[in-house]
Amino acid sequence: MAERESMEYDVVVVGGGPAGLASAIRLKQLAAEKNQEISVCVLEKGAEIGAHILSGAVMDPIALTELIPDWKEKGAPLNVPVTQDKFLFLSDKGARSTPDWLLPACFHNKGNYIVRLGEVAKWMGEQAEALGVDIFPGFAAVEVLYDENGAVRGVATGDMGVARDGTHTDHYQPGMELLARYTLFAEGARGQLGRQLTERFKLDDGRNPQAYGIGIKEMWEVDPAQARPGLVMHTAGWPLDADTYGGSFLYHLDNNIVVVGLIVGLDYANPWLSPFEEFQRYKTHPAIRGVFEGGKRIAYGARAITAGGLLSLPKLVFPGGALIGCDAGFLNASRIKGSHAAIKSGKMAAEAAFDAIVADRRADELSAYPQAFESSWLHEELNKARNFKQWFKKGRTVATVMTGIEQWLLKGKMPWTLRGNGKPDHAYLQPAAQCARIDYPKPDGKLTFDRLSSVFISNTNHEENQPIHLTLKNPDVPVEVNLAVYGGPEARYCPAGVYEFIKDDHGADKLQINAQNCVHCKTCDIKDPKQNIVWVAPQGGEGPVYNGM
């Protein structure tokens, strides 16, 4: 068996999104300012930087301006300033608009930009490479390496050319070890390695369990008569019921491009609910459908997001490394924004790592990073919204009233803090027999679509002859528990048609996993009622290619 080769850096960054690239850029900036040599590499599991990036996205430029003050002159793709905010409460056929003066500050976007975050990440990657960062796209980090004292020593990438049965094909290549003084993990929400690190170092002890949502998004080229560049619209209410957390976004870019999406909290109770079908249904609302009629759907994607906020943030550091961006949970759910928080967290972690390296430290805890966070504008921002998700666990009506009081009346300076009940999202799912079935209309192929046609335009690709990367702890659980008790919810919560229950040759039920459809959203890893599904990275470079989503 071939030995793994190794490379050594001062800092290894796992993940080529805004957080990871910001940390790499800041390390190289500091090295140039202080006349120090710092070696930095970024591992990105996507085929290229930006391939797996999916976000709404309205971007607050505050952190990017701190990181790269001349981003406009350098050509950053922030080209569509927000010109109008609109917020609607939807019923099944009606819509009620909230007056602008009544909107809390978290829903005001003056000074922000509607962006295609994948393009922003690609541009940030170019800035990082120009500073001397080594970027390795197509390499998925699948293993955390530890030293003899139990501190993180780096990561190993996955083997390539392994067949479905575990044997090596003619194209087999062993993974590589990337060793570092410090390793920063920026894998996004529910990161494979971040989850392992959280369990190993008990980073979430004493915190609320992280809360998640699934965001499902499409990009459309609309009739020019429907284009309103700079318009940001959010909705709450229909098609979700009053007990289900969620809402929509609809953002008008330039060139007649509109992005639309629905976020559904993964703490929903009814196993018959399908976030994908709820999103398709949303587009049929009389206040929404006119934007897309006569248009063309050109892209699709889905991704889990962190929504727990400040009270669900884990401990950020451990010996030899740190969690940054959405791997930790830096997303402000009340503002529906995370890219500015990701960049800021990456910058703070980089500054702590740089000081440690200059001081010739190795593999200790970067305590300066959480200290910097606690005194930052980011902490102040998240603190103002600390109760947002907790109120929604009490239902939409209570949440709407209390969010208005906290964010509009009290300006985020409330004297109370809500504590969660300690239940993770999967624990909210109820047995199917106790819940009402939901009948969804068939797609029309013009405004509404099925899963497989959607996955097709996500440009998702996986080599079929490789180990299935959606692993089961116990292969009996899907049929004996999930199907028998919960009605087989994995066939509905997955937005890509990965899971389906079929009959075997003897007429018995079995779960079929169509791993080649997976868009890497991580919903199954989060929502499986018995936590039996564990998402692991497939061969590097595989999965969706979002082309600037």
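Read the sequence shown against the working numbering and you will find it ends at 549, with the numbers running on by one and no gaps. We treat Cβ as the ideally placed atom computed from N, Cα and C, and that holds for glycine. These figures come from a predicted structure and were not determined experimentally.
Item: The segment 126–142 contacting the segment 162–174, beta-carbon criterion three pairs below 8 Å; Value: no
Item: Buried versus exposed, by CB contacts within 10 Å (16 or more), Glu351; Value: buried
Item: Met348: first and last residue of the uninterrupted alpha helix (DSSP H) it sits in; Value: Ser339 to Val358
Item: Neighbourhood of Trp123 by C-beta, 6 Å cutoff - its chain only, sequence neighbours within 5 removed; Value: Ala76 and Pro77
Item: Among Cys326, Asp355, Ile357 and Ile336, the one whose alpha carbon lies nearest that of Ala342; Value: Cys326
Item: C-beta atoms of Leu452 and Ile533 nearer than 8 Å; Value: no
Item: Straight-line gap, Tyr499 to Glu293 (C-alpha atoms, nearest Å); Value: 31 Å
Item: Buried versus exposed call for Gln29 [16 or more other C-beta atoms within 10 Å across all chains shown]; Value: buried
Item: Buried versus exposed, by CB contacts within 10 Å (16 or more), Arg437; Value: exposed
Item: Through-space distance from Gln226 to Gly290, alpha-carbon basis; Value: 8 Å
Item: Local conformation of Thr167 per DSSP, three classes; Value: coil
Item: Under the three-state DSSP convention, the category Phe388 falls into; Value: helix
Item: Option nearest Val479 by Cα separation, candidates Trp416, Gly194, Ile513 and Thr306; Value: Ile513
Item: Between the CA atoms of Gly175 and Met1 - distance to the nearest angstrom; Value: Its pLDDT being 47, under 50, Met1 is placed unreliably in this model, and the value from its coordinates should be taken loosely. Rounded to whole angstroms, Met1 to Gly175 spans 12 Å at the Cα level.
Item: First through last residue of the alpha helix (DSSP H) which encompasses Pro18; Value: Pro18 to Lys34
Item: Span separating the alpha-carbon of Ala508 from that of Ala269; Value: 28 Å
Item: Cβ pair Leu250, Ile214 closer than 8 Å; Value: no
Item: Whole-angstrom distance between Leu184 and Leu323, CA atom to CA atom; Value: 6 Å
Item: Own chain partners of Gly418 with C-beta closer than 6 Å, once the 5 adjacent residues on each side are dropped; Value: According to the sequence shown, residue 418 is Leu rather than Gly. Cβ neighbours of Leu418 beyond the five flanking positions: Asn387 and Gln390.
Item: Three-state secondary structure (DSSP) of Asp476; Value: coil
Item: Pro137, enclosing alpha helix (DSSP H) - first and last residue; Value: That residue, Pro137, is in no alpha helix (DSSP H); its beta strand (DSSP E) goes Asp134 to Pro137.
Item: Same chain only: Cβ atoms within 6 Å of Pro529, ignoring 5 sequence neighbours per side; Value: His426, Leu429 and Tyr486
Item: Meets three-Cβ-pair contact criterion under 8 Å: the segment 197–205 and the segment 253–262; Value: no
Item: Cβ neighbour criterion (16 or more within 10 Å) applied to Phe354; Value: buried
Item: Exposed unless 16 or more other CB atoms sit within 10 angstroms - verdict on Arg96; Value: exposed
Item: The segment 307–314 touching the segment 234–242, judged by at least three CB pairs closer than 8 Å; Value: no
Item: Collapsed DSSP secondary structure at His506 in the structure displayed; Value: coil
Item: Same chain, Cβ closer than 6 Å to Met414, five either side skipped, listed in chain order; Value: Glu406
Item: Local Cβ density within 10 Å of Val358, reported as buried at 16 or more and exposed below that; Value: exposed
Item: Closest residue to Arg281 among Ala105, Asp450 and Val13 (Cα-Cα distance); Value: Asp450
Item: Touch test, the segment 53–63 against the segment 107–123, Cβ-Cβ under 8 Å, three pairs minimum; Value: yes
Item: Bounding residues of the alpha helix (DSSP H) (the contiguous stretch that carries Asp525); Value: Thr523 to Lys527
Item: Sequence-distant residues of the same chain with beta carbon closer than 7 Å to Gly17, five excluded per side; Value: Ile53, Ala121, Ala186, Gly188, Gly325 and Ala342
Item: Environment of His171 [buried if 16+ CB atoms lie within 10 Å]; Value: exposed
Item: Rounded Cβ spacing between Pro544 and Asn459 (contact assumed at less than 8 Å); Value: 6 Å
Item: Bounding residues of the alpha helix (DSSP H) (the contiguous stretch that carries Trp123); Value: Leu117 to Ala130
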